[in-house]
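Novice: Okay, here's the structure, questions in a sec.
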Amino acid sequence: MSKLKIVLGVAAIAAVTATSAAHAARVGVFIGPGWGPGWGPYWGPPPIYYAPPPLVAVPVEPAPPPEYVEQGQPEPAPPPPDAGAPPLQPGYWYYCNASRRYYPYVKTCSSGWREVPARPPQ
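Residue numbers -24 to -1, 1 to 98, in mature numbering (1 follows the signal peptide of the UniProt record, and there is no 0), belong to the letters of the sequence shown in order.
Here it is in structure tokens:
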């Protein structure tokens, strides 16, 4: 029986302290009568609620299809100038004494080129 009294006493003390501890966090100071509506005095303007920003839907165009450009055949490079060819000047023909022929029928001349005034055939 004494154990039961001890358990009931501890339970009663725990219940009393639990309720006082629960109320201890709710301490407040009130000035005025204890009756009336449940809201407090007017301290400022009501809060301002902003509307959410408008959603703007931008239409998206599909990308254009890729364009393929065919490359033509490259033009052949001009042949390199002959090392044995004479420097060309207008109004002159170039004669080779060794082969007894004119340029461009002969590309190289071992004896050297001789300038001859140009004459049209008669």
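No residue lacks a Cβ here, since even glycine has one placed at the ideal position from N, Cα and C.
Computed from a predicted structure; not experimentally measured.
Provide the residue(s) that pair with Tyr44 in DSSP beta bridges, ordered along the chain.
Specialist: Tyr44 pairs with nothing; no bridge assigned.
Novice: What is the rounded straight-line gap between the Cα of Lys(-22) and the Cα of Val(-15)?
Specialist: In a straight line, the C-alpha of Lys(-22) is about 11 Å away from that of Val(-15).
Novice: Let me know the secondary structure DSSP gives Val92 once reduced to three states.
Specialist: Reduced to three states, the DSSP call for Val92 is strand.
Novice: For Tyr68, which residues from the same chain have a beta carbon less than 8 Å from its beta carbon, with the 5 sequence-adjacent residues on both sides left out?
Specialist: Excluding sequence neighbours, Tyr68 sits near Glu91, Val92, Pro93, Ala94.
Novice: Would you call Tyr79 buried or exposed, if buried means 16 or more other Cβ atoms sit within 10 Å of its Cβ?
Specialist: So Tyr79 ends up on the buried side.
Novice: Take Ser86 and list the residues in its own chain whose beta-carbon comes closer than 7 Å to its own, dropping the five residues that flank it on each side.
Specialist: Counting only Cβ-Cβ distances below 7 Å, and skipping sequence neighbours, we find Ala74.
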